[in-house]
Amino acid sequence: MSTSNAALKAASSSNAALNNWVAEVASLTQPDRIHWCTGSDAENASLISQMLASGDLVKLNEKTHPNCYLHRSNPTDVARVEHLTFICTRNREDAGPNNLWMDPAEANAKMDDLLRGAMKGRTLYVIPYCMGPIDSPHSRCGVEITDSAYVVANMRIMTNMGEAALKRIEREGTFVKGLHSTGDLDPKKRFIMHFPEELTIKSVGSGYGGNALLGKKCHALRIASWQARTEGWLAEHMLIMGVQNPQGQVHYVAAAFPSACGKTNLAMMVPPASMPGWKIWTIGDDICWLHVDSEGQLRAINPETGYFGVVPGTNAKTNANAYETIKKDTIFTNVAVTADNQPWWEGLSGTPALDWQGKPYTGNGPAAHPNARFTVSAKLNPAYSTMAEAPEGVPISAILFGGRRREVPPLVYQARDWGHGVLVGAGMASETTAAAVGEVGIVRRDSMAMKPFCGYNFGDYWAHWFSFEQRTQKLPKVFHVNWFRQDKNGKFMWPGFGDNLRVLKWIFDRCEGKVDAQDTAIGYLPHAKDLDVSGLNLDPATLEQLLSIDASAWRHEMADIGKYLNDFGQRTPERLREEHAKVVKRLG
Ligand code: TSX
Ligand code: MN
346 MSTSNAALKA
356 ASSSNAALNN
366 WVAEVASLTQ
376 PDRIHWCTGS
386 DAENASLISQ
396 MLASGDLVKL
406 NEKTHPNCYL
416 HRSNPTDVAR
426 VEHLTFICTR
436 NREDAGPNNL
446 WMDPAEANAK
456 MDDLLRGAMK
466 GRTLYVIPYC
476 MGPIDSPHSR
486 CGVEITDSAY
496 VVANMRIMTN
506 MGEAALKRIE
516 REGTFVKGLH
526 STGDLDPKKR
536 FIMHFPEELT
546 IKSVGSGYGG
556 NALLGKKCHA
566 LRIASWQART
576 EGWLAEHMLI
586 MGVQNPQGQV
596 HYVAAAFPSA
606 CGKTNLAMMV
616 PPASMPGWKI
626 WTIGDDICWL
636 HVDSEGQLRA
646 INPETGYFGV
656 VPGTNAKTNA
666 NAYETIKKDT
676 IFTNVAVTAD
686 NQPWWEGLSG
696 TPALDWQGKP
706 YTGNGPAAHP
716 NARFTVSAKL
726 NPAYSTMAEA
736 PEGVPISAIL
746 FGGRRREVPP
756 LVYQARDWGH
766 GVLVGAGMAS
776 ETTAAAVGEV
786 GIVRRDSMAM
796 KPFCGYNFGD
806 YWAHWFSFEQ
816 RTQKLPKVFH
826 VNWFRQDKNG
836 KFMWPGFGDN
846 LRVLKWIFDR
856 CEGKVDAQDT
866 AIGYLPHAKD
876 LDVSGLNLDP
886 ATLEQLLSID
896 ASAWRHEMAD
906 IGKYLNDFGQ
916 RTPERLREEH
926 AKVVKRLG
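Residue numbers (my numbering): 346 to 933.
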């Protein structure tokens, strides 16, 4: 079948730039059909039945998991590919040492070669989407062109997709262009290219979430971080949660953690039985856009409408709310299944019958892929806050940075002020886990958890963070947390999970000015008496260790951070070196 001129010309928008771009892409990629997505239930139902027929989706047990589906990806296509992800700016320095860079002309030519004829025999879907509440001035729209029905179904859950977004695009006239084609899934022909100066993304050769759902990491973080710098706001890799005390008072917190630290678990946390009346509200689990409002208050919106979360390890103990959320209306990717076709993964009871590739499970290795995912609407979360839909966003009282560190950073400490907080975020690090390839237990720097997602030079990014001191007097307090300290025997010293609310309560009280702190070289730490550990069976020596600093270990830590800052050369703000020097001096 060949693409008819009529199909190519069938404009479905009143925005000429959009129509022209769709026509251009169609003439390059040669699809059989063009479909403009409306986001309707009927459209979704038709895509689902088409994917069931093609084998792209498998229906799961309707009794136990109504309206749930399984997608098995190509075994070579199961995760984001940082080594194939590029920032393509005119000036190489603007991408920085934290990114791979390619010349925009070269990258465009390369991608056009890979995209030529790539949609032959396939449908080209046009997905208008809005990141953030449809009526929020802080929301941003994009259009993703893809030849994957799986991408359409996922984008429908993860974004405000369809007619309303198209209307907003037609009204505003601007949108981020995202072009995705699954290609032949040959890893040698896989690239994720970002052109921040052209507000364009091109992705070929992967059908996997972070590489293919372009609204998420590509737009809402890499492109948005670039736009945020030029426009005076922040696009961050942060969860957003409300912490409510028994009196009904709520403080909103935004928190950045590298992967494998349980960000989604924290965002959906269930309070421990020992803290009756406390409540956690989820606004978002992954991305946060921050703006200073007319009163000088920093406010956050979550640009997403769903969760694309790691499945293995999710159960009634680790994350009861997520476990409840994914019982219906969920797309699973790369989980195992039981004999009666229920989704299965490590961390659940029961027995897998087929592994994530659909082969009989033999007991060798994990049955679900360690990066298996759920895609589900945020509204199904029992802890969902309707404030996620507030156009102005929620006021942020505290920003948390964290990492997985078996030693050095205490359970929690507070930065002395915003400037010191920028250093704390810039110096963030986490230990590698078995969830990713490579050696386990190695400390990696990951500034603000943005290493894989900042669309420009980290040096400029840190300077942008400092600039908020000039934008308002009412900045949130900044904290660092570490749930992962271990003792000599490798035993976790802090129970974590719901009990983390005990730490959030101290942070809450700091925001209220209700509790003082130990003034140390690295910042403010709780007095042991101020951390509620009732019912925890935590021995005083362990608590003392969790809430103290080892000056010698910290001198090493600061030396390592100093070296890391030097990697960014001239672009590292002098101010950051000053903040670093201040802590070094205090450590003696
Ligand atoms: O998500 C985690 N959080 C945050 C929860 C709100 N995890 C899982 C990390 C992998 C994604 C944690 N793991 C946390 C944590 O606070 N803490 C730990 C470490 C830990 C693991 C097990 C126990 C205690 C701590 N306890 C027992 O196994 C009994
Ligand atoms: Mn993330």
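Ideal Cβ placement from N, Cα and C applies to all residues, glycine included.
Given the structure is predicted, the values throughout are model-derived calculations rather than measurements.
Query: Rounded straight-line distance, which links the Cα of V595 to that of W828; Result: 23 Å
Query: Proximity winner among D457, I393, I490, I632, relative to H380 (alpha-carbon distances); Result: I490
Query: 7 Å CB neighbourhood of L397 in its chain, flanking five on each side removed; Result: K404
Query: D912 versus H428 - alpha carbon distance; Result: 19 Å
Query: Pair within 7 Å by beta-carbon distance, A565 and M583; Result: no
Query: Buried or exposed by the 16-neighbour rule on C-beta atoms within 10 Å, applied to G710; Result: exposed
Query: Residue environment, F837, which counts as buried when at least 16 other CB atoms sit within 10 Å; Result: exposed
Query: For T409 and L445, the rounded distance between their alpha carbons; Result: 45 Å
Query: beta-carbon D631 near the ligand MN non-hydrogen atom, thresh 6 Å; Result: yes
Query: Reduced DSSP category for S399 - H, G, I as helix; E, B as strand; rest coil; Result: helix
Query: Euclidean distance between Cα positions of W763 and K455; Result: 43 Å
Query: Minimum length 3: unbroken beta strand (DSSP E) runs contained in the region 500-547; Result: 521-526, 536-540
Query: DSSP state of W839 mapped onto helix, strand, coil; Result: coil
Query: Contact test: M732 Cβ vs the ligand TSX heavy atom, cutoff 6 Å; Result: no
Query: Pairwise C-alpha distance: D895 and D422; Result: 43 Å
Query: C-beta atoms of A774 and V785 nearer than 7 Å; Result: no
Query: Exposure label - K822; buried when at least 16 CB within 10 Å; Result: buried
Query: Test item: CB-CB of T650 and G507 under 7 Å; Result: no
Query: Span of the alpha helix (DSSP H), counted from its first residue to its last, around G764; Result: 763-771
Query: Counted within 10 angstroms of its Cβ, other Cβ atoms place L522 as buried (16 or more) or exposed; Result: For the sequence presented, residue 522 should be read as Lys rather than Leu. Buried is the call here.
Query: Secondary structure of T491, DSSP reduced to three states; Result: strand
Query: V769 vs F719 beta-carbon contact at 7 Å; Result: no
Query: Distance between P420 and S570 (C-alpha atoms, nearest Å); Result: 31 Å
Query: Pairwise C-alpha distance: L402 and G654; Result: 18 Å
Query: Through-space distance from E576 to S359, alpha-carbon basis; Result: 27 Å
Query: Those residues which DSSP pairs with L693 across a bridge; Result: E691
Query: Integer Cβ distance of D791 from R916, believed to fall under 8 Å; Result: Between R916 and D791 the Cβ distance is about 18 Å, and since that is not below 8 Å, they are no contact.
Query: Residue from A733, P616, P885 with nearest C-alpha to T663; Result: P616
Query: Contact belief for V757 with F824 at Cβ below 8 Å, rounded distance in angstroms; Result: 6 Å
Query: E752 - DSSP class collapsed to helix/strand/coil; Result: coil
Query: D700 classed as buried or exposed, judged by whether at least 16 other C-beta atoms fall within 10 angstroms; Result: buried
Query: Euclidean distance between Cα positions of M447 and I852; Result: 43 Å
Query: Opening and closing residue of the beta strand (DSSP E) in which L643 lies; Result: 643-646
Query: For P740, the nearest candidate out of Q642, K850, S551, G748 (CA to CA); Result: Q642
Query: Per-residue DSSP class, three states only, for Y801; Result: coil
Query: DSSP beta-bridge partners of L849; Result: According to DSSP, L849 bridges with nothing at all.
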